[in-house]
Structure formats: structure tokens, C-alpha cells
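S.K.: Sequence order for the protein chains is Z and S. According to the numbering used here, the first sequence holds residues 932 to 1264 in order. According to the numbering used here, the second sequence holds residues 932 to 1264 in order.
Number of protein chains: 2
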Amino acid sequence: MENRQIVIASLPAGRLAAENFELRTAPAPTPGDGEVLCRTLVLTIGAGQRAGLQGSASYAGAPTTGIVMGGTAVARVEASNAASVPVGALVTCPAGWQDYSVHAAEAVNVVDDDGDPAHHLGVYGTNGLTAYFGLFAVGEPKPGETVVVSAAAGSVGHLVGQMAKLADCRAVGVAGSDAKCARLRDELGFDAAVNYRGDGFRDEFKQACGKGIDVYFDNTGGDILGAALRRMRPHGRIVCCGVVSQYDTDDPAPGPRGVPGLLVNNRVRMQGFLVFDYADRYAEARAQLKEWVTSGRLVPWMDEFEGLERAPEAFVDLLAGGNVGTRIVRVAD
Amino acid sequence: MENRQIVIASLPAGRLAAENFELRTAPAPTPGDGEVLCRTLVLTIGAGQRAGLQGSASYAGAPTTGIVMGGTAVARVEASNAASVPVGALVTCPAGWQDYSVHAAEAVNVVDDDGDPAHHLGVYGTNGLTAYFGLFAVGEPKPGETVVVSAAAGSVGHLVGQMAKLADCRAVGVAGSDAKCARLRDELGFDAAVNYRGDGFRDEFKQACGKGIDVYFDNTGGDILGAALRRMRPHGRIVCCGVVSQYDTDDPAPGPRGVPGLLVNNRVRMQGFLVFDYADRYAEARAQLKEWVTSGRLVPWMDEFEGLERAPEAFVDLLAGGNVGTRIVRVAD
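#1: Looking at chain Z, is there any beta carbon in it that lies within less than 9 Å of the beta carbon of Asp1145/S?
#2: Measuring alpha carbon to alpha carbon, tell me which of Val973/Z, Ala1245/Z, Gly1253/Z ends up nearest Asp1264/Z.
#3: Return no unless some Cβ of chain S is closer than 9 Å to the Cβ of Thr1201/Z.
#4: Please tell me whether Ile1144/S and Val1079/S are closer than 9 Å, where the distance is taken between their beta carbons.
#5: For Thr1002/S, count neighbouring C-beta atoms within 10 Å of its own C-beta (all shown protein chains included) and say buried if the count is 16 or more, exposed if not.
#6: Which residues of chain Z have a Cβ atom closer than 7 Å to the Cβ of Val1174/S, listed in chain order?
#7: Could you give the DSSP three-state label for Ser989/S: helix, strand or coil?
#8: What residues in the segment 1128-1159 of chain S bring their beta carbon closer than 7 Å to a beta carbon of chain Z?
#9: What residues in the segment 1055-1068 of chain S bring their beta carbon closer than 9 Å to a beta carbon of chain Z?
#10: For Gly1092/S, does the three-state DSSP call read helix, strand or coil?
#11: Could you check what DSSP says for Arg955/S in three-state terms: helix, strand or coil?
#12: Using beta-carbon positions only, say whether Ala1082/S and Ala978/S come within less than 9 Å of one another.
#13: Straight-line CA distance for Thr1023/S to Asn1058/S?
#14: Which runs of the beta strand (DSSP E), 3 residues or longer, sit entirely within the segment 1034-1107 of chain Z?
#15: Please tell me whether Ala1006/Z and Trp1232/Z are closer than 9 Å, where the distance is taken between their beta carbons.
#16: From Glu966/S to Asp1030/S, what distance separates their C-alpha atoms?
#17: From the DSSP output, in three-state form, read off Tyr1031/Z for me.
#18: So which residues on chain Z does Pro943/S lean against when the C-beta distance must stay under 9 Å?
#19: Gly1137/S to Pro1191/Z, Cα distance in whole Å?
#20: Whole angstroms is fine: what's the gap from Arg1162/Z's alpha carbon to Ala1013/Z's?
#21: For a contact meaning CB atoms closer than 7 Å, what does Pro877/S contact in chain Z?
#22: Which residues in the same chain have their Cβ closer than 6 Å to the Cβ of Ser1015/Z, if we skip the five residues on either side of it in sequence?
#23: Bridge partners of Gln936/Z, per DSSP?
#24: So, is Glu1076/S buried or exposed, given that buried needs 16 or more other C-beta atoms within 10 angstroms?
#25: State yes or no: is the beta carbon of Phe1204/S nearer than 9 Å to at least one beta carbon in chain Z?
#26: Do Leu1060/Z and Val1042/Z count as a contact pair if the criterion is CB distance below 9 Å?
#27: Strictly below 7 Å CB to CB, what residues from chain S border Cys1171/Z?
#28: Mind checking the segment 1208-1230 of chain S against chain Z and listing, in chain order, the residues whose C-beta falls within less than 9 Å of any C-beta there?
#29: Since Glu1135/S sits in a beta bridge, which residues does DSSP pair it with?
#30: Beta carbon of Gln1093/S, beta carbon of Leu1119/S: below 9 Å?
#31: Taking a cut of 9 Å between CB atoms, which residues from the segment 1078-1101 of chain Z lie near chain S?
#32: To the nearest angstrom, how far is the alpha carbon of Thr996/Z from that of Ser1108/Z?
#33: Give me whichever residues DSSP pairs with Val1190/S in a beta bridge.
#34: Just how far apart, CA to CA, sit Thr961/Z and Pro1017/Z?
#35: Could you name the residues that DSSP lists as bridge partners for Met1201/S?
Structure representation (C-alpha cells):
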């Protein structure tokens, strides 16, 4: 049985390119005792994976070439040597960019097999959990407050804004095109959305923030973080969730002016956050997310590429801001 | 009755100089109904006052020339038209840099008249309260953790390190001379103290931090904040208390690299803090501070200039890092 694999051919110097990857084939692996063989159905691609290709300063460890590119998938169990995970089960697992992978049974999570499997990589997966815990546990929004989110049309951001509305807050998005901004307002009910690439960004952003920002959910770092810092209200909270402006470069920008001065003046709390720290509360969050999705109050966006071989292209385009919602690659049915 | 006053003659362009101030005399003011006349005994000078001479970006409001320089004093009530504050009472008040000032009775605080009045400007005043709430309420140190403080020989810093020891933490100071560092270790019991102006600062700082920083109490911003950010342990807390590296300039530096990236990777919380937000807990804090001081477990350092006319010199020298402990100016007995 043939296993197509996409491997890291070279580490990027500067911006990532599809040429940093190559496709090879290998025999499909065989599961040992206590292991399962998984067939990849859907892969997800997130900007945070770019950090894993940096030489340092990432929570993902040091990168190497010649290995299969990492990534989370929804997969079907095709063979099992573990009673706890039967053949046919739908699971999420760290499959990487390949058709087949083998895992210890404890390393896969059996998930509900009702509806689109891809939701387990989006709203019920890391993206949805990140939006949920980042906003509610770290941001602590109160009714009537203004919540601003960057990369607002992204996999996490589009959920954050909707959750802010569910918490009776004003939701303001910052995104990279007028078309994305229009969709955030028209389809997801954001109160305002501003294109950070537009000429009038500063003025439009100021106006969109009204009397100021109570919670800023930062997916980008860089200039947008700097702009938000200047508009934080006293006792505002900044959820530091991602640094997409800094992933696709080997020369990270200096931090924003106003750190720490503006933090002091406005008693702002800025808190770095990784969703894994909330693992013991995932079940509670997923129950809430499912209720919101099935009742139509939370709309998860997906953005699809077809075919394993397109994963590098999907990744490069994502880093250039091409995605709307959770970017997935459909590998098999 | 003559009232000597030091007024702001010009706003500094770049570094503050004694020439930005001038001494004039005026008749002492007369208290109206409900007011008291205060004679200044001791003034305190803090680096944060420099922010009040900046054009913007300060919590102290916009500065102007031709007015008496602001500042907190311990004063003796010389005349009173308010039953609540009798003649002879010792008070703290926003006297400014002058011999006599008039205040509404509600604007002064009657303080204990036992011991050196200057302590009301140091360990029992804003400095001590800032150290106390910044460390305990914002930093939340746990026994065995490593607490690092910058401007460690300063008015707040020398108290923070001692309080960290009282909380069973390791205390590491960063200060601006070898002599200050030696005093922190030898006289106050800091576990380590590092001179940030020394050639070997990076290596010495790394070694002093041991397995990393759990709580960083930042009085400086700038490069020391940058160095501390790289050494924060997972779930570490940064107390943003002051930005002395940025006060005496009209060209603030960019923020530290690693914001927000390192905050995310290590889930670090960085929180701006002003002591005034804790006003309803001052009494509790002062009781604890007094117990520590009278039992000899907390040693407040003071650093004295003699004579009102030396206040500008005392301020300029403070900004250059000349002080050890709380800088005060004795004006009258």
C-alpha cells in the first residue's frame, strides 16, 4: 500500500515557499502492539505551524529537514491492535502530511462521527478551543465591552468575534482585505471590521474602536498590536494568542512602542496563552461550542483545498493571508 | 511670611537639567474656610515625576511652565480652618516644591507622628505601597520562586527584593553599579545582584536567574525588560511598574523584541500597574509594612538632600541613577 508523504526539503530563509517541500512515496507503515493505522481524511493548516520551521523561539521545538511535515488530521482507523480504538473509528491524530500514519492508541482521540469530519479540525478542534479559552478565560469580556480581534477572518479570529457577540460585547475585527471585512460584518454580525492594508487604517481603526478597547485578542503581533495598544482602555486585557506577522520571516521586528509604558498608564494586562494549558476543560468547551453551532448561533467557516499534493501551496497562501476561516486540505473521503 | 517656590521654568528637550527649574519667592498663602496651611518638612522625589514633564503619554496629565513643581511632602499644619485637621498635626499632602501650601482638609492625610516623618514618603508612602501591591497582588510570588527586580537599589526596588525574601522567594536585583549591588547583597540579603552597566551583564544575569524568572518586577523597561523576557519561566508574571529608562528622553525606544512572541511561548502575563487602584487596601498594607519595619525584617533606605533649593539637583541626579533608596529633600525641621 503506497503512502504519499510531503517532507520538509529545506528550511526557509525568509518567506516560506512551496519549494521548501517535496512529495515522495513510501510503503504504508504497519501498526505494532497497541497501535492503530490511520488513513488521513482531512488535514488542517495553521499559521502557527510556520513557527515550527524557525530555528528557535518556538514552542514547537527545533526543526529538521527530511522528515514528514507535521500537522493534525482527522483520520479513519484502518487497522487496529488496540481494543480501545476499533477499526472504522473516526479520530484526530498528529498524522502529518501523508496518507497513512501509525500511532499509539493513546495518541489518537476518537471523535463524534456525525457531520463534517473537518469540524473536528476547526470549531471543535484547536481553533475553536483557542478562541473559547483565549476569549473567556484570558480576555474575560464583560457585557457591553468592546472586543477587538486581529486576523479576524482567520481560523480563530472569525470565531472570537462571534463569541464576543454571544457574550453581549461589541465585536470589531481587523482583517487583510475589504472583502473579508465585508463578510465579517454581513455574514457573522461583527459590529465593525477594518482592513489593515487600507490607506485609512489608523483613522478607521480609531473610529471602529469607539471609546476604546476592553479586550484585544491578538493573533498577529506587529503593527496591529501597536495600534491596539494605543487604544486600550484602563484595565484592558490583551490576549496574546499568535504572532502571525512574525512567523514568516527570519528577522523578527522589534516589539511595539508603548511596551511597557502604555501598559502601566492604563493598567493593561497582556497575557500569553497556549490552549494546551486548558486541556482539562476541553469537554466543557466542546459541549458549549456544539450547542452554539447546532443552534446556528456560531458559524464556522472553512476554506478548502483538494488533494494532499496541494498542502504546501495551501500553507504558503495561508501565510500570505489568503484564508477565510479554518484552512483544510481534503485528502480522502 | 515668605514662601520659597521652585517653578518649572522650561520643559526639557531631551534630558532634564537643573536649569529647567528656577527659585522664586512669594508671600505664603492664607487658608480659607475648610482649608489648612501646611509647612513642608520633607519632600520626596521619584523618577515617575519625570513623566509629568513629558508632552504626552503620561498618567500625570499635560505639563506647563511657570507653575510650582509638583511633589508629595510630609508637612506640619501651621494654621487650620478645619476641625478635622488640627494645628500641629503631621500630614502628607501634595505640597509641591515650596515651603508653604494650602489644601482643603480632605486633601491631606494625617499620619502617625512617631519616628522619622520621612518614612511616610518612603516605606509607608507610595514607594512601600507600590512594592507591596505590585509584588503581592500583581506578581503573586510563591515560595521557592525566583523574583527579579530592576532599579533594585531604588525607592521601590530595594523594598521589593526584601519582600520577596519575606515571601520565601529567591531575590535577584539589577542595579546600576557594583557598589549598589554589593549593598543589596550584604545589607538587604538579596541572593544575587547584577550591575546592568557591567561588561558581563548578560552572562551574569543569566547565571543569577538560575533556572529562570517566575516574577519580574520591572521598574525600567528597555533593555533590562528585554533581557528578563528571554529568561521568563512558563507562566511567569511581569509586573510593569515603571519605565525609568524611558522617562528622561523625548524619543522613547521601541518595545522589546519578543513581545508578544515570548509571552505566547511561555504563557507569560505582563501587567501594567498603578498603586492608586489599591487605595482601599492601603491600611492593611501599612499595618504589615509597619510590623516588618519595627521588627527589623524590612529595612527602608533613604537618601537625603538638605534644603529646598537642592530639589532640582536631587531630581536630575536621581534620573541619572544616583539614588539608593527613597530620595528625599529635607526642607525644614
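Just so it is clear, CB atoms sit at the ideal spot from N, CA and C, and this is done for glycine as well.
M.R.: On the basis of the supplied data:
#1: Counting from 1 along the second sequence, the entry for residue 1145/S is found at position 214. So no, Asp1145/S is outside the interface.
#2: If you number the first sequence from 1, residue 1264/Z lands on position 333. When only C-alpha atoms are compared, the closest one is Val973/Z.
#3: For the purposes of this step, residue 1201/Z is identified with residue 270 of the first sequence, where counting begins at 1. The sequence given here has Met at residue 1201/Z, not Thr. True, the Cβ-Cβ gap to chain S drops below 9 Å.
#4: To locate residue 1144/S, count along the second sequence from 1; it is residue 213. To locate residue 1079/S, count along the second sequence from 1; it is residue 148. The answer is yes: Cβ separation under 9 Å.
#5: The residue you call residue 1002/S lines up with position 71 of the second sequence. Here residue 1002/S turns out to be Gly, not Thr, going by the sequence shown. So Gly1002/S counts as buried.
#6: Translated into positions along the second sequence, residue 1174/S becomes position 243. Within chain Z, the residues near Val1174/S are Pro1191, Gly1192, Val1195.
#7: The residue labelled residue 989/S in the question sits at position 58 within the second sequence. A caution first: Ser989/S carries a pLDDT of 47, below 50, which makes its placement in the model too unreliable to give a value.
#8: Asp1149, Gly1152, Leu1156
#9: none
#10: Counting from one through the second sequence, the residue named residue 1092/S turns up at place 161. Looking at Gly1092/S - three-state DSSP - the assignment turns out to be helix.
#11: The residue you call residue 955/S lines up with position 24 of the second sequence. Residue state, collapsed to three classes: strand.
#12: Position 151 of the second sequence, counted from the start, is the residue given in the question as residue 1082/S. Position 47 of the second sequence, counted from the start, is the residue given in the question as residue 978/S. The answer is yes: Cβ separation under 9 Å.
#13: Against the second sequence, residue 1023/S aligns to sequence position 92. Against the second sequence, residue 1058/S aligns to sequence position 127. The alpha-carbon atoms of Thr1023/S and Asn1058/S are separated by roughly 14 Å.
#14: 1077-1081, 1101-1106
#15: On the first sequence, position 75 is the one that residue 1006/Z refers to. On the first sequence, position 301 is the one that residue 1232/Z refers to. Contact: no.
#16: Taking the first residue of the second sequence as 1, we reach residue 966/S at position 35. Taking the first residue of the second sequence as 1, we reach residue 1030/S at position 99. Taking the straight line from one Cα to the other gives about 17 Å.
#17: The residue labelled residue 1031/Z in the question sits at position 100 within the first sequence. Correct three-state label for Tyr1031/Z: strand.
#18: Counting from 1 along the second sequence, the entry for residue 943/S is found at position 12. Near Pro943/S there are no residues of chain Z at all, since even the closest Cβ is about 17 Å away, more than 9 Å.
#19: Mapped onto the second sequence, residue 1137/S falls at position 206. Mapped onto the first sequence, residue 1191/Z falls at position 260. Note on identity: in this sequence residue 1137/S is Lys, with Gly being the wrong assignment. The alpha-carbon atoms of Lys1137/S and Pro1191/Z are separated by roughly 22 Å.
#20: Along the first sequence, one-based indexing puts residue 1162/Z at 231. Along the first sequence, one-based indexing puts residue 1013/Z at 82. For Arg1162/Z and Ala1013/Z, the distance between alpha carbons rounds to 54 Å.
#21: Nothing can be reported for residue 877/S, as the shown portion of chain S is limited to 932 through 1264.
#22: On the first sequence, position 84 is the one that residue 1015/Z refers to. So the qualifying residues of the chain are Ala1036.
#23: Within the first sequence, the letter at position 5 stands for residue 936/Z. For Gln936/Z, which the question treats as bridged, DSSP gives the partners Arg955/Z, Gln1029/Z.
#24: One-based indexing of the second sequence puts residue 1076/S at position 145. Buried: at least 16 other Cβ atoms inside 10 Å.
#25: Numbered from its first residue, the second sequence carries residue 1204/S at position 273. Cβ-Cβ to chain Z under 9 Å: yes for Phe1204/S.
#26: By 1-based counting over the first sequence, the position of residue 1042/Z is 111. By 1-based counting over the first sequence, the position of residue 1060/Z is 129. In this structure, Leu1060/Z does not lie closer than 9 Å to Val1042/Z by Cβ.
#27: The residue you call residue 1171/Z lines up with position 240 of the first sequence. Per Cβ cutoff of 7 Å: Pro1191, Leu1194, Val1195.
#28: Here the close residues are Asp1208.
#29: Indexing the second sequence from 1 puts residue 1135/S at position 204. The partner list for Glu1135/S (beta bridge, DSSP) is empty, contrary to what the question assumes.
#30: Along the second sequence, read from residue 1 onward, the residue named residue 1093/S stands at position 162. Along the second sequence, read from residue 1 onward, the residue named residue 1119/S stands at position 188. Yes, they are a contact pair.
#31: none
#32: By 1-based counting over the first sequence, the position of residue 996/Z is 65. By 1-based counting over the first sequence, the position of residue 1108/Z is 177. Within the model, the alpha-carbon separation for Thr996/Z versus Ser1108/Z is close to 34 Å.
#33: Numbered from its first residue, the second sequence carries residue 1190/S at position 259. In DSSP, Val1190/S forms no bridge with anything.
#34: Position 30 of the first sequence, counting from 1, holds the residue named residue 961/Z. Position 86 of the first sequence, counting from 1, holds the residue named residue 1017/Z. Taking the straight line from one Cα to the other gives about 16 Å.
#35: In the second sequence, residue 1201/S corresponds to position 270, counting from 1. Met1201/Z, Ile1169/S, per the DSSP bridge assignment.
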